Each structure stands twice: as C-alpha cells, then as structure tokens.
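Colleague: For reference, the structure I am asking about is given below.
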Amino acid sequence: MTTKATSYLTHFRNIGIAAHIDAGKTTTTERILYYTGRTHNIGEVHDGAATMDWMEQERERGITITAAATTAKWKHSATGEEYTVNIIDTPGHVDFTIEVERSMRVLDGAVAVFDSSQGVEPQSETVWRQADRYGVPRIAFSNKMDKTGASFELVLSDIRERLGAIPAPIQYPMGQEGDFKGIIDLVRMKAHTYNNDLGDDITVSEIPEQYMDKVREMRAQLIEAAAEVDEAVMMKFLEGEEPTVEEMVLALRKGTVEKRIFPVLCGSALKNKGVQLLLDAVVDYLPSPLEVPAIRGTIEDSEETRDFPADPEGKLAALAFKIMADPYVGRLTFVRIYSGTLSSGSYVFNASKGKRERVGRLLRMHANSREDVTELRAGELGAVIGLKDAGTGNTLIGDGDDKVLLESIDVPEPVIKL
Ligand code: GDP
102 MTTKATSYLT HFRNIGIAAH IDAGKTTTTE RILYYTGRTH NIGEVHDGAA
152 TMDWMEQERE RGITITAAAT TAKWKHSATG EEYTVNIIDT PGHVDFTIEV
202 ERSMRVLDGA VAVFDSSQGV EPQSETVWRQ ADRYGVPRIA FSNKMDKTGA
252 SFELVLSDIR ERLGAIPAPI QYPMGQEGDF KGIIDLVRMK AHTYNNDLGD
302 DITVSEIPEQ YMDKVREMRA QLIEAAAEVD EAVMMKFLEG EEPTVEEMVL
352 ALRKGTVEKR IFPVLCGSAL KNKGVQLLLD AVVDYLPSPL EVPAIRGTIE
402 DSEETRDFPA DPEGKLAALA FKIMADPYVG RLTFVRIYSG TLSSGSYVFN
452 ASKGKRERVG RLLRMHANSR EDVTELRAGE LGAVIGLKDA GTGNTLIGDG
502 DDKVLLESID VPEPVIKL
C-alpha cells in the first residue's frame, strides 16, 4: 500500500539485465547508463563519437562493469516523470549460478536480452528458469535487429515454444537486418525512425501506411493478451473499442507482475538512442518495490516468520548481496534495504554472523560518480563502507531488534560450474 512515507517508491525500479553471452547485455547496460547519466551527470553530448568516448572511459575505469548496483535517473519520454532506476549487475552468464540466484532475490524485475538472429539460446533459458523460480517479473528485448539473420518472429516463437511463456510484443521493427530503420510502438501507436546509422537522431511520427496491416494484426493480439489480465481492457475488447494508452500499460504491467505475459521489445543497442524506449518500458511494465511481495524472514530459533514490506519507517531489514574490494575505500558491502532506514554512523546487527557492526560511510553508486549519503531507505540499494564481517547473503537488522534471518541463498563465494 502506498502511504506518505512510501510514496517515493512508486518512482523506483530495481532491475537486472540478463542475457546469453554475446546477446548484448554489456552494450545495452552501457547505453542505459550513458543516457541516464547524460541528463544528470555529464551534460548534453550530441554526437555518437562522444557516446563511444564516454563508454571507453567508463570501461577503462571499470565502473559500469564492476558496480554491483548502479543508480540512474530516467525521465519517461511520454510522461516526463522522473524515475530512479537501480541497475543490479546480474553476474555474467551461466558460470556463477549461485550469484545469479542471489541477485534474483535483490531485484524486482528484469530485462531479458536476446540476440534476434539467435532467438532464445540455452543460457537465456537457464536464467529465465531461475527468474521463474524467484517470480521475477520480466520484459524481453529482442536486440540486434540490424544484424544479418535478425528475426523478431524467431524471438517471439522461441519465447512461446522454448520458454513456454506468452509474449506480448509491444513493438514491431520497421525493417530487419540491413534494412532496420526503427521501431513501431504498438501501445502508443507511433513510429520511431532513425535518421542516421548511429541512431542518435530519431523522428517520432504516425505509423507509415505500409506497416499498417501488420500493425493492426499485432495490436489485436496485444489487446487480446492485455484483456486476459484486465477487466477494463476486456470490456473494451468485447465491445470492439480501443483501450487507452493508460489502460494498456496498466493491464500489461499487471500481466508482467502476475507473470503470465511478457512485454517484448525490439531494437538495437548499437543505435545510440536504441535503449530509450527500453527505459520507458522498464518504468511502464516493471514493478516498483511496493508491488512485489514483501521479503520474509524467520525469527531465530523458531518457526515463526515475519514479513518486511517496503517501508522506511519499519524495522530495518537489509541483505548484503555483494562484497567488493575497492582500491580507495577498502571493503564495499553492497546492500539492499527492504525495510527501515540504514544510517551512516549507526550500529546494525548482522543476524547471519551474530555480530554487531558499525556502519561507516554509505555510498550510492552512479555510472560515473559516487555519492556519499547519510541514509539508505527501504527499496534502495547502495554500498556500505566499514562493515568488517558481513558476507554475501547476510541479513542486517537493527541493533537490539528480534533476530531475524531473511530468506536468501546463503552460500559462500561464487560456485563455479565447470
Ligand atoms: P554481452 O556478452 O551480452 O555482454 O554482449 P556485448 O554487449 O559485449 O555484445 C556482444 C557483441 O555484439 C559486441 O561485439 C557488440 O558490439 C555486438 N552488439 C551488441 N548489440 C548489438 C546490436 O544491436 N547490433 C549488432 N549488430 N551488434 C550488437
């Protein structure tokens, strides 16, 4: 439930990006960080070369690749509202299965990136099943629409057949492979055309006539999928009326959270602005921390459980999900705060280790900067400096509170599957 204290959370998204190796996870993540960072951290940059330079610099500094959770801001292109998007690094590919599983516990939604010339590959299937197990709402991004062999239909049919899921294509590509020219938004019914190969200049217009037959067919399917989860859309569907954009978004979002349908987007992360609609879709279709089930904890030496809904005024319940050694500040413990507020300088109790520890500095990690903050509230992610004993999967609670262990996958460091 949204209250005054929790209202900020409606504009929070905690997401992961998962993909088969080579499908474009790194490129997609970098573009997202570039576009979200551009508006807030590094000012306007106009040409594609600048995008690349920025990304090269970031790669050298290793920030985009190594921060376990990066905080970005995104203004929705259609509504103009600003959102905080925390991108949680789902560890690379299949080797770190346990780490992937742990990160699933920390995120509220995920973007599954597919290579549209390959369809759904085996590793994607593995990660998809892990996300199923943790009930993680997802949207799918059919990347590399510009590549030889690209086929949006292949990705849609693979989602249906290999993953046994219902795809809800919310976009349609204008051209494929070398002819890929842009995206049709099937919800807002607009065409987004790239004016150059770099994709950093886009014209938004009415849908060109040549695509209308296909668009009508795809949209009818989409409305049908939305109608299955939402009564307002169902009523309109039965009456042969068009639902509004808001009704469609709401219905599809509900479908994502209820895990029956998965919005599917298409595009190319290599086009500089190729991820903007993806960011809009993250905001539209993935849930806020208020919309996912509360994390559950077990009270020590008992069978009794307690739920911790996202509320900054509740009891502190946080999970350490990644430890990193930083050359400048030493040990960084990445945490997700589920409930309560973690303050710098306070004492917390590590319920997994049975130890009281002092919280030193708190950091919010951005793509190209670190921000010292005095507190991290429920729903937020960040890094703690100063915890000596916390390990991955450990539960942190308030000093003096009932000893509770959050459900997590409490396994030592990465288990590498050979
Ligand atoms: P990851 O292994 O999933 O992180 O994949 P990367 O982001 O490293 O991408 C793998 C390769 O695919 C790189 O050479 C990228 O330049 C390329 N790539 C990524 N996105 C696209 C795309 O949209 N179109 C094309 N043609 N290549 C892409």
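For the sequence shown, the positions run 102 to 519 when our numbering is used. Just so you know, even glycine gets a beta-carbon here, dropped at the ideal spot from N, CA and C. Note that this is a predicted model, so its numbers are computed, not measured.
(1) Taking 6 Å as the limit, name every residue whose beta carbon sits nearer than that to some heavy atom of the ligand GDP, in sequence order.
(2) Compare the beta carbon distance of residue 361 and residue 383 with 8 Å and say whether it is the shorter of the two.
(3) Give the secondary structure of residue 263 by DSSP, where H, G and I count as helix, E and B as strand, and everything else as coil.
(4) For a quick check, are the C-beta atoms of residue 390 and residue 110 less than 8 Å apart?
(5) Indicate the three-state DSSP secondary structure (helix, strand or coil) for residue 481 in the structure shown.
(6) Starting from residue 138, trace the alpha helix (DSSP H) in both directions and tell me its first and last residue.
(7) Measure from the alpha carbon of residue 135 to the alpha carbon of each residue in 375, 263 and 414, then state which is nearest.
(8) Assuming the contact rule is C-beta atoms closer than 8 Å, residue 326 and residue 240 should be a hit. Round their C-beta distance to whole Å, please.
(9) Where does residue 311 land, buried or exposed, given buried means 16+ other C-beta within 10 angstroms?
(10) Could you tell me which of 476, 503, 282 and 437 sits nearest to residue 400, measuring between CA atoms?
(11) Can you tell me which residues form a DSSP beta bridge with residue 449?
(12) Expressed to the nearest angstrom, what Euclidean distance is found between the alpha-carbon atoms of residue 407 and residue 342?
(13) Could you give the distance in angstroms between the alpha-carbon of residue 106 and the alpha-carbon of residue 478?
(14) Can you name, in chain order, every residue of its own chain whose Cβ lies under 6 Å from the Cβ of residue 348, other than the five neighbours on each side?
(15) If you draw a straight line from the alpha carbon of residue 190 to that of residue 288, how long is it in whole angstroms?
(16) Where are the beta strand (DSSP E) runs, 3 residues long or more, that stay fully inside the stretch 366–415, in chain order?
(17) In angstroms, rounded to a whole number, what distance separates the CA positions of residue 300 and residue 308?
(18) So residue 361 is in the alpha helix (DSSP H); what residue range does that whole segment cover?
(19) Since residue 137 and residue 169 should fall inside the 8 Å C-beta cutoff, what is the C-beta to C-beta distance between them, to a whole number of angstroms?
(20) Mind checking whether residue 271 and residue 365 have CB atoms under 8 Å apart?
(21) When DSSP builds the beta bridges, which residues end up paired with residue 463?
(22) Output the distance between the C-alpha atoms of residue 423 and residue 484, rounded to the nearest integer angstrom.
(23) If we ignore side chains and look at the alpha-carbon of each, how far apart do residue 237 and residue 206 end up?
(24) Below 8 Å, how does it come out for the stretch 457–467 and the stretch 215–235: are there three or more Cβ pairs, yes or no?
(25) In angstroms with no decimal places, state the Cα-to-Cα distance between residue 84 and residue 220.
(26) Do the CB positions of residue 119 and residue 269 come within less than 8 Å of each other?
(27) What separation, rounded to the nearest whole angstrom, lies between the Cα atoms of residue 254 and residue 368?
(28) Just to confirm, are residue 125 and residue 216 a CB contact at a threshold of 8 Å?
(29) Looking at the structure shown, is residue 108 part of a helix, part of a strand, or coil, going by DSSP?
(30) Find the nearest neighbour of residue 393 within the set 222, 358 and 121, judged by alpha-carbon distance.
(31) What separation, rounded to the nearest whole angstrom, lies between the Cα atoms of residue 323 and residue 420?
(32) Between which residues of its own chain and residue 273 is the CB-CB distance below 8 Å, once the five residues before and five after are set aside?
(33) What separation, rounded to the nearest whole angstrom, lies between the Cα atoms of residue 452 and residue 258?
(34) Return the bridge partner residues of residue 286 from the DSSP annotation.
(35) Under 8 Å between the Cβ atoms of residue 475 and residue 445?
Modeller: Reading from the atomic positions:
(1) 120, 122, 123, 124, 125, 126, 127, 128, 244, 245, 247, 248, 369, 370 and 371
(2) no
(3) coil
(4) yes
(5) coil
(6) Membership of residue 138 in the alpha helix (DSSP H) is indicated by the continuous run 126–138.
(7) 375
(8) Not a contact, Cβ separation roughly 13 Å.
(9) exposed
(10) Comparing Cα positions, the closest option is 503.
(11) 458 and 499
(12) 45 Å
(13) 10 Å
(14) 333 and 334
(15) 29 Å
(16) 396–400 and 406–409
(17) 18 Å
(18) Counting along the chain, residue 361 falls outside any alpha helix (DSSP H), and DSSP gives it neither H nor E.
(19) At roughly 17 Å, the Cβ-Cβ gap does not stay under 8 Å, so residue 137 and residue 169 are not in contact.
(20) Their beta carbons are under 8 Å apart, which means residue 271 touches residue 365 by this criterion.
(21) 474 and 485
(22) 9 Å
(23) 9 Å
(24) Three or more beta-carbon pairs separated by less than 8 Å are not found between the stretch 457–467 and the stretch 215–235, which leaves the two stretches without contact.
(25) There is simply no residue 84 to check, as the chain begins at 102 and stops at 519 in what is shown.
(26) no
(27) 13 Å
(28) Yes.
(29) helix
(30) Closest in alpha carbon position to residue 393, among 222, 358 and 121, is 358.
(31) 38 Å
(32) Answer for residue 273: 253, 284, 285, 287, 312, 315, 316, 319 and 367, listed in chain order.
(33) Computed Cα separation, rounded: 46 Å.
(34) 272 and 291
(35) yes
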